[in-house]
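Chemist: 1 is the number of the first residue of the sequence shown in the working numbering; add one for each residue after it. We put the beta carbon where it would ideally sit given N, CA and C, even for glycine. The structure presented is a predicted model; accordingly, all values stated were derived computationally and were not measured.
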Amino acid sequence: MRIKPSFSLKTRRAVITLWVVLTVLSRIGQPVPVFAQATTLNLNGISITPANATLPIGAQMTLVATGAFSDGSSQSFGPPGVWDILFSPQMDISSCPPLPAGAPDFASQQVTVTANGSFHRIWGTPQDVTADGTMTSTSFSATLTCTQGGATLGSISASWTGTEFDGTFAATKNSGSVIVRGITWRSSNPAVATIDLTGALTAVSPGSTTITATYGAVCKQFGGQPPVPTWGCQGTTSGSTMLTVATTTTGGPSDDNNDSGPIQSGYAIITPTSGASAGGLLAFATFGLKRSEGNTAQAGVLPATMTTNAFVGIATNTQLQRDLGLAFVNPGTATANGTLVETKPEAIAPGSHGALFVTQVFSDQSTVLSNFTGTLSITSDNPIAVVGLQFRGVEFSTVLITSLSAATSVPTVSSGVGGPGAVILPDFAEDGGWSTEFSIANPGTSVLIARLDVFDSNGKPLQITLNGKKQSSFNVTVNPSGIAILAPIDGATGQSRF
Numbered sequence: 001m002r003i004k005p006s007f008s009l010k011t012r013r014a015v016i017t018l019w020v021v022l023t024v025l026s027r028i029g030q031p032v033p034v035f036a037q038a039t040t041l042n043l044n045g046i047s048i049t050p051a052n053a054t055l056p057i058g059a060q061m062t063l064v065a066t067g068a069f070s071d072g073s074s075q076s077f078g079p080p081g082v083w084d085i086l087f088s089p090q091m092d093i094s095s096c097p098p099l100p101a102g103a104p105d106f107a108s109q110q111v112t113v114t115a116n117g118s119f120h121r122i123w124g125t126p127q128d129v130t131a132d133g134t135m136t137s138t139s140f141s142a143t144l145t146c147t148q149g150g151a152t153l154g155s156i157s158a159s160w161t162g163t164e165f166d167g168t169f170a171a172t173k174n175s176g177s178v179i180v181r182g183i184t185w186r187s188s189n190p191a192v193a194t195i196d197l198t199g200a201l202t203a204v205s206p207g208s209t210t211i212t213a214t215y216g217a218v219c220k221q222f223g224g225q226p227p228v229p230t231w232g233c234q235g236t237t238s239g240s241t242m243l244t245v246a247t248t249t250t251g252g253p254s255d256d257n258n259d260s261g262p263i264q265s266g267y268a269i270i271t272p273t274s275g276a277s278a279g280g281l282l283a284f285a286t287f288g289l290k291r292s293e294g295n296t297a298q299a300g301v302l303p304a305t306m307t308t309n310a311f312v313g314i315a316t317n318t319q320l321q322r323d324l325g326l327a328f329v330n331p332g333t334a335t336a337n338g339t340l341v342e343t344k345p346e347a348i349a350p351g352s353h354g355a356l357f358v359t360q361v362f363s364d365q366s367t368v369l370s371n372f373t374g375t376l377s378i379t380s381d382n383p384i385a386v387v388g389l390q391f392r393g394v395e396f397s398t399v400l401i402t403s404l405s406a407a408t409s410v411p412t413v414s415s416g417v418g419g420p421g422a423v424i425l426p427d428f429a430e431d432g433g434w435s436t437e438f439s440i441a442n443p444g445t446s447v448l449i450a451r452l453d454v455f456d457s458n459g460k461p462l463q464i465t466l467n468g469k470k471q472s473s474f475n476v477t478v479n480p481s482g483i484a485i486l487a488p489i490d491g492a493t494g495q496s497r498f
């Protein structure tokens, strides 16, 4: 697969953002100069929604913490929540090779980061490094390597341990400080209600409890040159609300959604068994995230065309939290691979699915800025399916991806799955607050019988709960001019969230 960006100059849902601030000491012991200060907005307070709620015993609900800033803006801190991990290390590079004549110190310094422990992988370089993973404990470790002109000058192997938000690390010839910023949740009376790290609350027994959300900063900063956070926001900001648990227990329909569980994602193939019209199978998905007030942010996702050459417009902006999410599926039996415009190789194994943001794709390409507007070309040696969602914070919408290659059928994945007439939906998400509804329409004059098969990111059948049934394959019968809907049922309403 080949991805080519073209752009004009104008960066969790990842879960953790890792900012690296490296002070590099020159041979005469002088720090690298900083040219512009970041803009600072004071964090005036934290509010929690829904506020002052009453729940029956056994009920669950996800709370959201929102910060109010001094310029009148607000920011939602969960779910899923974003953690900022700020390093301020010092590194002695007195043995560096000479700098090019006339070059300022800062111009030739680069920082690369590798990590282990809680982090699964690292994207990006110097001032904007995103770690894909979750904060699973109160410790982590990382290695920072300073390079100059391709030569490694030195490295820091830093381990952080501590509680709450602040800690320190030490390594040979190096030292510094670490600040961890994020929302932590606390119930004053866990016997009445418990709350986890994501804000998912469970009513346990009758009574009242105070729920407190604490953010590990008193302000936020952005901009500056280089564009890295400064250290003036240390401290915490908190907000609280009262929760009452009533003596009644939950009743009514079972809930197909596991809002406090891990997100499950993958792709789906819908195959007509009999009765398909000459125009083919009509199907689409509705992709959504449940809001704290009970509403659902959603976008319709159409089936993707199998393609070897696709084209899409993109616009990313860190300050606006704007990014393009892409999902790729290779349902075939051969690996789809290629050179990503001589700069970015990718390989999609047979049957596999992957989803990531455009800024992650090119985070290690210095020629592609994290804020840009332009187009993206995607080419592959074997047909793949691609879908795109434009995000602005937690708001999202479907974008048009145009195939420039001749259309091909979805390959046959197994007996009765895929083949001519089948359609593929390259991405879906269930649980963790996310839901996907599948719709299959019949514009023909005969009864349509079709099947929906769901696969995880490795191409294995994935069991999800739709219409009260947990399985990986669903059969539907659709009358002429009718429609069948497969959706997770909300226990509070007995209906789909969409």
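In terms of residue numbering, what span does the beta strand (DSSP E) encompassing GLN60 cover?
Modeler: That run of the beta strand (DSSP E) goes 60-62.
Chemist: Compute the distance between the beta-carbons of GLY275 and LEU448, then report whether it is under 8 Å.
Modeler: Yes, the pair counts as a contact, with Cβ atoms nearer than the cut-off.
Chemist: Pop quiz: GLU437 and ALA304 are said to be a contact at Cβ under 8 Å. What is the actual Cβ separation, rounded to whole angstroms?
Modeler: Actually they are not in contact, since the Cβ atoms of GLU437 and ALA304 sit about 17 Å apart, beyond 8 Å.
Chemist: On the three-pair Cβ rule with 8 Å, is the segment 301-315 touching the segment 374-384?
Modeler: Flag = yes, the segment 301-315 and the segment 374-384 touch.
Chemist: Could you give the distance in angstroms between the alpha-carbon of SER496 and the alpha-carbon of ALA429?
Modeler: Each residue's alpha carbon lies about 15 Å from the other.
Chemist: Is the segment 189-202 touching the segment 47-65 in the sense that three or more CB pairs, one from each, lie closer than 8 Å?
Modeler: Enough Cβ pairs lie closer than 8 Å, so yes.
Chemist: Compare the Cα-Cα distances from ASN295 to each of LEU41, ASN44, PRO50 and report the closest residue.
Modeler: Nearest option by C-alpha distance: PRO50.
Chemist: Quick one: Cα of GLU346 to Cα of ASN330, how far?
Modeler: Distance between the alpha carbons of GLU346 and ASN330: 12 Å.
Chemist: Taking the C-alpha atoms as reference points, what is the distance between ILE269 and THR373?
Modeler: Distance between the alpha carbons of ILE269 and THR373 is about 33 Å.
Chemist: Please classify THR333: does DSSP put it in a helix, a strand, or coil?
Modeler: Here THR333 sits in coil by DSSP.
Chemist: Given ALA315, which residues of its chain have a CB within under 7 Å of its CB, disregarding the five upstream and five downstream residues?
Modeler: Excluding residues within five positions, the ones whose Cβ falls inside 7 Å are ARG322, THR373.
Chemist: CB ASN467 to CB ALA487, shorter than 8 Å?
Modeler: Cβ atoms of ASN467 and ALA487: closer than 8 Å.
Chemist: So, helix, strand or coil for VAL423, using DSSP?
Modeler: Reduced to three states, the DSSP call for VAL423 is strand.
Chemist: Short of 8 Å in beta carbon distance, which residues of its chain neighbour ASN42, apart from the five on each side in sequence? Order them along the chain.
Modeler: Closer than 8 Å at the Cβ level, and outside the excluded window around ASN42, lie PHE69, SER70, VAL218, CYS219.
Chemist: For THR271, which option in ALA406, GLY421, ILE464, ASN479 has the closest C-alpha, if you only look at C-alpha atoms?
Modeler: For THR271, the nearest C-alpha among the options comes from GLY421.
Chemist: Start and end of the beta strand (DSSP E) containing THR359?
Modeler: That residue, THR359, is in no beta strand (DSSP E); its alpha helix (DSSP H) goes 358-361.
Chemist: Can you tell me where the beta strand (DSSP E) with GLY374 in it begins and where it stops?
Modeler: Its beta strand (DSSP E) spans residues 372-392.
Chemist: Out of LEU400, ALA246, TYR215, ARG186, point me to the one whose CA is closest to SER208's CA.
Modeler: The residue with the shortest Cα to Cα distance from SER208 is ALA246.
Chemist: Suppose the cutoff is 7 Å on Cβ atoms and the five residues either side in sequence are ignored; what does the same chain contact list for PHE474 look like?
Modeler: ARG451, LEU452, LEU466, LEU486.
Chemist: Given this structure, state the Cα-to-Cα distance separating THR244 from THR210, to the nearest angstrom.
Modeler: Approximately 9 Å, taken between the alpha carbons.
Chemist: Who does GLY288 pair with in a DSSP beta bridge?
Modeler: According to DSSP, which records beta bridges pairwise, GLY288 is partnered with GLN298, SER435.
Chemist: Just to confirm my understanding: we take ALA484, look at its own chain, exclude 5 residues before and 5 after, and list those with CB closer than 6 Å. What are they?
Modeler: If we look at ALA484 and ignore the five residues flanking it on each side, its Cβ neighbours are ILE440, VAL476, VAL478.
Chemist: I need the straight-line Cα distance from PRO502 to GLY351, nearest angstrom please.
Modeler: In the structure displayed, the chain extends from 1 to 498; residue 502 sits before or after that span and is not available.
Chemist: Suppose the cutoff is 6 Å on Cβ atoms and the five residues either side in sequence are ignored; what does the same chain contact list for ASN189 look like?
Modeler: If we look at ASN189 and ignore the five residues flanking it on each side, its Cβ neighbours are THR209.
Chemist: Would you mind reading off the limits of the beta strand (DSSP E) that contains PHE508?
Modeler: Since the first residue shown for the chain is 1 and the last is 498, residue 508 is missing from the structure and cannot be characterised.
Chemist: How should GLY261 be labelled, buried or exposed, when 16 other C-beta atoms within 10 angstroms of its C-beta is the threshold for buried?
Modeler: Flag for GLY261 reads exposed.
Chemist: Mind checking THR54: buried by the 16 CB within 10 Å criterion, or exposed?
Modeler: It counts as exposed.
Chemist: Rounded to whole angstroms, what's the CA-CA distance from GLY500 to GLY419? Just pull it up for me.
Modeler: Given a span of 1 to 498 for the chain in the structure shown, any question on residue 500 remains unanswerable.
Chemist: Nearest-angstrom Cα distance between LEU404 and VAL387?
Modeler: So the two alpha carbons sit approximately 15 Å from each other.
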